[in-house]
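Comments concern the structure below.
Number of protein chains: 2
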Amino acid sequence: MASVSPSSGASAADAPAAESGPAFSPLYQQIKALITRSLQSGEWKPGEAIPSEMDLAARFKVSQGTVRKAIDELATENLVVRRQGKGTFVATHAEQKIQYRFLRLMPDDEGAPRGTERRILECRRLRAPADVARVLELKSGDAAVQIRRLLLFAGKPVVLDDIWLPGAAFKGLTAERLAETRGPLYGLFETEFGVRMIRAEEKIRAVAADAATAQLLELPPHAPLLSVERLSFTYGDKPVELRRGLYNTESHYYRNELS
Amino acid sequence: MASVSPSSGASAADAPAAESGPAFSPLYQQIKALITRSLQSGEWKPGEAIPSEMDLAARFKVSQGTVRKAIDELATENLVVRRQGKGTFVATHAEQKIQYRFLRLMPDDEGAPRGTERRILECRRLRAPADVARVLELKSGDAAVQIRRLLLFAGKPVVLDDIWLPGAAFKGLTAERLAETRGPLYGLFETEFGVRMIRAEEKIRAVAADAATAQLLELPPHAPLLSVERLSFTYGDKPVELRRGLYNTESHYYRNELS
DNA sequence: GAGTGGTCTAGACCACACT
DNA sequence: GTGTGGTCTAGACCACTCC
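So the protein lines, in turn, are chains A and U. Residue 242, in my numbering, is where the first sequence stops; the numbers in between run on with no holes. Residue 242, in my numbering, is where the second sequence stops; the numbers in between run on with no holes.
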């Protein structure tokens, strides 16, 4: 560590006298930030192993325990995955057993959704509407990609998604490219466009289906639907995806854990 | 620690040779379990401080660092709260700044719900219906308490809750007692009945309002509502409350964070 | 056996709160 | 000042994975 005396004690002691803004963070937080920056810059790619704790400790000139605490937090935030005896790996949405990491929909009977199928209805580039531009922090008039797709469980349509992406970061995303993709979209975004979703916020409401939606989901008009607006963020809390989903909750439910 | 050699190394080394079931846990997990048991037994009451890390280390004959790691996990699970310079305190729903710890409903404009009001519609004791008995793990025919109440934000009814509690644990819970209660119900449950909610699971759906519900929430019939079925657990993952809520999401939304 | 993460210990100093 | 939790270090051994 450059900005801090590595030998014993907390970092705050090394603060300039007349400090006003920055505020200090513990050494391990600074290490965490440095590791995060390397993740962000692509020094270690998703799925790859990062250097061992000993190596990182040597690199940053801190003890292994400090590196460990930094990595501990990154692991609880799902940015990296630890595997005893093997190493610490950059988390990835691709090559993942769980199909839909962010999808909380469960079938009534139990277990995870089975027999999932994806149907791309539309994929086009256009100028971002004002509301989309605002939440994605685009300038008005910037290009955006809109994807409409249907998710089917056991042959029945359950989710209608309307996905908005910043056009600049997703050049070359076409309906064909989507159609030939297996596995989660977030895996594609990662491997093809270098955009990794870190976390997301959802706003959930109950709405009545409009005529077009009802037909797509094979429901009567005005059927109650779960409206799930998801804003996904990548490194640095930068919003990179707006997803407006409508879920048929007749035989599925949205599962949440509170603690 | 009794069951384990405290001096250096993991506990697995101390396993009997022909072990079949139990499986071993690290020392700090065993300490965590012991502390949890003390919390459960009421040795330290909600709001009180638990012994210092040094004291606990001496009591369990382990190092302070091991106690620390145990408490760290209890803190992330919200069972205890650490306060630097003061001590570690048993978490409590009473004396809490946040009014509704488990309620994820937010007004559209922003911030937390303001001007909240609670209106008890009903509070009666009866035999638990089969479905309620099942999830609360009651024997069929066991007594239950049912509470129906309305939550109003800024004068407008937004949430209609139907709450089910095991009758045995909540003797003496009456409409009067509820009416005179300020603050969260979970605070009352804690101080009056010694039942502390630890975590909860929710199943969320979209439904159409029936006539009676629509009237109570001042909505047209068949208006779409968020149905939130919450099962709350106390120590030992014992279910102790079933709450069926109907939320009007016209000017509020259910907020969730994914990571 | 070598290398990795996982656990445990012991001791030091810092930041904060109360007295 | 005293006591609390918070951070940092250094060294030891354990468990798992791969060679």
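Glycine residues also receive a C-beta, built at the ideal position from the N, C-alpha and C atoms.
- Below the 8 Å Cβ cutoff, chain U contributes no neighbours of A:Thr49, its closest Cβ being approximately 14 Å away.
- For the 7 Å CB-CB criterion, U:Lys186 and U:Glu212 form a contact.
- Restricting attention to U:Glu100, U:Glu173 and U:Arg226, the CA atom closest to the CA of U:Asp145 is found in U:Arg226.
- With contacts defined as CB atoms closer than 7 Å, U:Val118 and U:Leu229 fail to qualify as a contacting pair.
- Within chain U, the residues whose beta carbon sits less than 7 Å from that of A:Ala183 are Leu241, listed in sequence order.
- U:Trp147 has U:Gln129 and U:Leu225 as its beta-bridge partners, per DSSP.
- Cβ proximity to chain U below 9 Å picks out nothing from the segment 11 to 36 of chain A.
- Check the Cα spacing between A:Gly98 and each of A:Arg84, A:Leu134 and A:Arg179: the tightest is with A:Leu134.
- Around the beta carbon of U:Met37, fewer than 16 other beta carbons lie within 10 angstroms, which makes this residue exposed.
- Using a Cβ distance threshold of 7 Å, A:Gly170 and A:Ala77 count as a contacting pair.
- Between U:Gly30 and U:Thr75, the C-beta gap is smaller than 7 Å, which places the two residues in contact.
- Cβ neighbours of U:Gly124 within its own chain (closer than 7 Å, five residues either side excluded): Arg110.
- With respect to the 7 Å criterion, A:Lys69 and A:Tyr11 are not classified as neighbours on the basis of their beta carbons.
- Using a Cβ distance threshold of 7 Å, U:Phe216 and U:Ile181 count as a contacting pair.
- In the displayed model, U:Arg101 falls within a strand according to three-state DSSP.
- Excluding five sequence positions before and after A:Thr232, the CB atoms of its chain that fall closer than 7 Å to its own CB belong to Leu209, given in chain order.
- For U:Leu208, the enclosing beta strand (DSSP E) begins and ends at Pro207 to Thr217.
- Your pair U:Lys28 and U:Val64 does not check out as a contact, with CB atoms roughly 14 Å apart and the cut at 8 Å.
- Residue A:Asn61 holds the alpha-carbon nearest to the alpha-carbon of A:Ala183 among A:Thr174, A:Gln47 and A:Asn61.
- Counted as a single uninterrupted DSSP element, the alpha helix (DSSP H) harbouring A:Lys15 occupies residues Leu10 to Ser24.
- Contact note: U:Leu208 reaches chain A through Ala189 and Pro207, using a C-beta cutoff of 8 Å and chain order.
- In this structure, the beta-carbon distance from U:Gly150 to U:Ala116 does not fall below 7 Å.
- In terms of Cβ geometry, A:Arg87 and A:Arg238 form a close pair [threshold 7 Å].
- Taking a Cβ-Cβ threshold of 9 Å, the residues of chain U close to A:Arg238 are Glu184, Glu185, Lys186 and Ile187, in chain order.
- Contact of U:Thr196 with chain A is not assigned, every C-beta pair being separated by 7 Å or more.
- At a cut-off of 7 Å between beta carbons, U:Thr232 contacts chain A.
- U:Leu161 sits in a helix when the DSSP states are folded into three classes.
- Two segments are said to touch when three or more pairs of C-beta atoms, one from each, lie closer than 8 Å; by this definition the segment 37 to 46 of chain A touches the segment 7 to 26 of chain A.
- Among the residues of chain U, none has a CB under 9 Å from the CB of A:Glu56; the nearest is roughly 11 Å distant.
- Across the set U:Ala191, U:Val142, U:Phe176 and U:Ala197, the C-alpha of U:Phe176 shows the shortest separation from the C-alpha of U:Gly25.
- Counting along the chain, U:Thr71 sits inside the beta strand (DSSP E) bounded by residues Gly70 to Val73.
- When C-alpha distances from A:Met89 are compared across A:Gln129, A:Tyr236 and A:Glu240, the shortest belongs to A:Tyr236.
- Beyond the five residues adjoining it in sequence on each side, U:Ser46 comes within less than 7 Å, by CB distance, of Ala40 in the same chain, given in chain order.
- Straight through space, the alpha carbons of U:Pro203 and U:Ala191 are spaced by roughly 10 Å.
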